[in-house]
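The opening position of the sequence shown corresponds to residue 21 in this note's numbering, with each subsequent residue numbered one higher. Beta carbons are placed, not taken as given, at the ideal position from N, Cα and C, and that holds for glycine. Small disclaimer: the values here were computed from a predicted structure and weren't measured. Worksheet for the structure shown next.
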Amino acid sequence: MLFSSNAFIFRFLLLFMIIYFIAQSKYRNGILLAGSLIFYGIGEPKFVWIMLASVMLNYVLSKRIYQYKGKGLLIVTILLNVAVLGWFKYLDFGIENINAILGKSWLTPLEIALPIGISFYTFQILSYQVDCYKGKIKRQVTFIEFATYICMFPQLVAGPIVLFDEVEANLQKRGVTVEKIEDGLKWFTFGLGLKVLLANSIYTLWNTILSAGTIGLGASVAWLGAIAYTFQIYFDFWGYSLMALGLGKMLGFTLPENFKQPYISKSIAEFWRRWHITLGRWFREYVYIPLGGNRKGKIRTIVNLFVVWALTGLWHGASWNFVIWGISFFVFIAIEKLFLGKWLERSKVIGHLYVIFLIPISWVVFAISDFTTLKQYLGSMFGHTSGKVLMGMSQFQNYVHTYWWLLLICIIFATPLPYNLFRKQRQKPWMIAILVGIFFLSVYEILKGSSNPFLYFNF
């Protein structure tokens, strides 16, 4: 069920909040868990049982890990969860690559459907188990608390990836007031506008350019398409994250923010401190640092970075373009660590130009899984058009003439100004009036059919 759908906003959320608000506080975790399972079950009825089984098994294992601090049990638990994720997400990918290497169809792909959100809730489970082993979990939580932490619907299907200590106090005791619900609605509406009014709208430009084909694609149009996708994925995922944050506030939880205006970054390393913050934190805390981080010399640091970024790419999807995308960031960040970073620090302008040049290229690699299409598109961006140029400067001018206002709005919203203005002024009547307008305009667009699924639902 999409957050940006009438079914969610006017049916599920409205009914759920009425029940949740009038319920006694001691029953709210149970109500939230039940509501979250219904929310997930509506979209993924056959996979809700897999998630429940995973939660129940991991709860039993976590109690043992908490009690005995057994490293062997922790390793078995990690391998078990990774195996479940691998079965659903990577098995067919592995079979296809084995067949390609051997040159024959030795194995038949099983065509296993991917449960929505499995990458996200698996990472939360793993972080909890490791924190139990390290003694960061200070008490044995109840099953309802653990299941609610893993399954609560605001962050279930696309994050943020929440650590247990960030919501532990809220799970034990939280206030649900009209004021918190109102504030949560403001955050939800701001995110809804980013998703429906910006991401879905700029998607039209990217889709139009890509659908026209890469044969005859000129450099100017190719770059325009890359920029459109750069904005789409940002406003799509940032919008979802703010909607999740708002829903959390309505329920009495304080969820972590996932974005801090990444497109104003002056290095790729800074970009990843601002983009999908909770994923970067997870890999840093649970992979990079345990491998040794930067404490064991330059060579070991580079190796650790490679592992992290290869896994980051693979986490996003079972396709080689994601692996290449992840490794490309390893290359950029490794070069910055070795020598480029100090040079970039000398000029903020050069650093920013460097980022806004590389990021659209990286998003093209992320977006296009077919290697032939990807090669042709990247070639077009650098002037190596396949065949005669059919979509050249005149088509570029037509697109700009049609979309200039939307591109300008996207540029403005990629800066800190609109977000900071909303955050500081959201209690003012004039800002509330703007948010009401955004809400009804978004609903109008949803009714027209502007309901593209969130891109990160695929991961």
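With distance defined between alpha-carbon atoms, name the residue in the options nearest to residue i.
i, options, result
"V198", "Q192, L218, K206", "K206"
"W302", "T435, S414, V150", "V150"
"T392", "I452, T234, T128", "T234"
"E202", "L99, Q87, M270", "M270"
"L105", "G361, G457, L334", "L334"
"E64", "F108, P135, H421, R48", "P135"
"R294", "S74, I309, V375", "V375"
"D390", "F342, I322, G457, V96", "F342"
"F32", "Y148, G50, V161, A54", "A54"
"S45", "R194, L127, F350, E465", "R194"
"P380", "S348, G407, T405, L358", "S348"
"H421", "P282, V241, F460, S367", "V241"
"V385", "L394, D185, L122", "L394"
"K400", "L77, K444, I229", "The sequence as given places Ser at residue 400; Lys does not occur at that position. The option with the nearest alpha carbon to S400 is I229."
"L426", "N220, S74, F184, V75", "N220"
"E305", "I181, G204, H336, V409", "I181"
"T483", "I70, L77, V161, Q87", "Only positions 21 to 479 of the chain appear in this structure, which leaves residue 483 out of reach."
"M71", "N101, G50, L93", "N101"
"W292", "R320, V323, W329, T321", "W329"
With residue i as the anchor, note down where its alpha helix (DSSP H) starts and where it stops.
i, result
"V327", "318-336"
"S147", "138-154"
"N227", "220-231"
"G179", "Here G179 belongs to no alpha helix (DSSP H), and DSSP marks it neither H nor E."
"N117", "111-122"
"M37", "34-42"
"L360", "Where L360 is concerned, there is no enclosing alpha helix (DSSP H), given that its DSSP letter is neither H nor E."
"P380", "368-387"
"L17", "Here the chain has residues from 21 to 479 only, and residue 17 is not among them."
"F391", "391-401"
"M172", "Run containing M172: none; DSSP gives neither H nor E here."
"L217", "Run containing L217: none; DSSP gives neither H nor E here."
"L59", "Looking at the sequence shown, residue 59 is not Leu but Phe. It spans 48-63 - the alpha helix (DSSP H) in which F59 sits, taken as one unbroken run."
"G346", "340-355"
Can you tell me which of the three DSSP states residue i falls into?
i, result
"I132", "coil"
"V198", "helix"
"S74", "helix"
"L212", "helix"
"A7", "What the structure shows of the chain is the stretch from 21 to 479, and residue 7 is not part of that stretch, so it cannot be assessed."
"Q281", "coil"
"Q192", "helix"
"F240", "Residue identity check: residue 240 is Ser in the sequence provided, not Phe. Here S240 sits in helix by DSSP."
"M270", "helix"
"N440", "helix"
"I95", "helix"
"F314", "Reading the sequence as shown, one finds Asn at residue 314 and not Phe. Coil."
"M263", "helix"
"G469", "coil"
"L428", "helix"
"V456", "helix"
"F30", "helix"
"M21", "coil"
"G90", "coil"
"L81", "helix"
Beta-carbon separation of residue i and residue j under 8 angstroms?
i, j, result
"E356", "I284", "no"
"W383", "A232", "no"
"M411", "G238", "yes"
"K280", "I297", "yes"
"Y153", "K89", "yes"
"L130", "D112", "yes"
"Y48", "Y60", "Checking the sequence shown, residue 48 turns out to be Arg, not Tyr. No, Cβ-Cβ distance for R48 and Y60 is not below 8 angstroms."
"V307", "L275", "no"
"K109", "A338", "yes"
"I170", "Q144", "yes"
"G266", "G211", "yes"
"I466", "S25", "yes"
"V68", "L57", "yes"
"L127", "I121", "no"
"Y79", "Q160", "no"
"G371", "L378", "no"
"G236", "G407", "yes"
Please look up how many angstroms separate the CB atoms of residue i and residue j, rounded, as I've assumed it's under 8 angstroms.
i, j, result
"F353", "L325", "In the sequence as displayed, the identity of residue 353 is Ile instead of Phe. Contact flag correct, Cβ pair sits at about 6 angstroms."
"L225", "Y419", "6 angstroms"
"M172", "L52", "6 angstroms"
"I429", "L218", "7 angstroms"
"A178", "G137", "7 angstroms"
"V187", "F273", "6 angstroms"
"M263", "F23", "5 angstroms"
"L455", "T250", "In fact, because the Cβ distance is near 26 angstroms, the residues do not count as touching under 8 angstroms."
"L215", "G259", "According to the sequence as given, residue 215 is Lys; it is not Leu. Contact holds; Cβ gap of about 3 angstroms."
What residue range does the beta strand (DSSP E) around residue i cover?
i, result
"V409", "406-411"
"Q236", "Checking the displayed sequence, the identity of residue 236 turns out to be Gly instead of Gln. Segment 235-237, the beta strand (DSSP E) holding G236."
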